[in-house]
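S.K.: Got a structure here, written out as structure tokens. Questions coming.
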Amino acid sequence: MHSNIKMSKEDLRKDKPNRDEYLVKPKIPLIVVLDNVTNSYNIGAFIRLADAFAIEKVIVCGALTISDKKMKKSSRNEAKWVCVEYSDSTTSSLQTLLDDGYSVYSVELCHESVDYTTVTYPAKSVLVLGNERKGVSEAALKLSRQQIHIPMFGMGNSLNVSTAGAIVLAKCTNQIRKNLQ
């Protein structure tokens, strides 16, 4: 018979690596590129997601003014466990990743976009998520292998960028993790 008692911190840590082991543990070969995402809370949320799914890194692109206090609050200080890079240019970062053999997928509703659940994500994938108001830039879309979207069944047309990222990241990382085993 299972108990409904919440797990303690010790229970949660039981099967996890210690700090030193985690830092050298191989990560899922998936990179999140934030294309001019400007909200510190959203950036922090992506850092927290990157830690949760143990992905390779987050690249924050664009000329940003980031509130360290807000970002640390939303990332819950998990930035120390995640590789976070900053870049002035989304397109140059994406071109470097393409040259390194990564496949780029932009999360953006377009005429050519497909349901994110129908895609087979290869190891070495990149997910591009865009600005809170403008979405993924045209230049980034042009460098993408495919534009993907989350089907919306309610009255709204979009989700918060970190919410959309969480949904797609869960599918993508689980698929890549299974294919690597």
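Counting the sequence shown from 1 gives a position; the numbering used here is that position plus 644. Just so it is clear, CB atoms sit at the ideal spot from N, CA and C, and this is done for glycine as well. It should be emphasised that the depicted structure is a prediction, and the values quoted were computed from it without experimental measurement.
1. Could you please give the first and the last residue of the uninterrupted beta strand (DSSP E) stretch that includes L771?
2. Considering Cα atoms alone, identify which of C727, V676, E752 and S652 is closest to L813.
3. Going by the beta-carbon positions, is the gap between T605 and A784 smaller than 9 Å?
4. Ordered along the chain, which non-local residues of its own chain (more than five positions away) have a Cβ less than 6 Å from that of N686?
5. For I826 versus I672, is the C-beta distance shorter than 9 Å?
6. Nearest-angstrom Cα distance between D732 and N680?
7. Using 8 Å for Cβ pairs, my map puts S747 next to L674. What's the rounded Cβ distance?
8. Using the C-alpha atoms, what's the distance from N648 back to C816?
9. In the DSSP assignment, find the unbroken beta strand (DSSP E) run with C816 in it and report its ends.
10. According to DSSP, is K653 part of a helix, a strand, or is it coil?
11. Please report the straight-line C-alpha distance between R692 and D759, rounded to a whole angstrom.
12. Just list the residues that DSSP pairs S747 with in beta bridges.
M.R.: On the basis of the supplied data:
1. S769 to G774
2. V676
3. Residue 605 is absent from the model: the chain starts at 645 and stops at 825.
4. V805 and S806
5. Any question about residue 826 goes unanswered here, given that the chain covers just 645 to 825.
6. 9 Å
7. At roughly 10 Å, the Cβ-Cβ gap does not stay under 8 Å, so S747 and L674 are not in contact.
8. 30 Å
9. That residue, C816, is in no beta strand (DSSP E); its alpha helix (DSSP H) goes V805 to L824.
10. helix
11. 25 Å
12. S769
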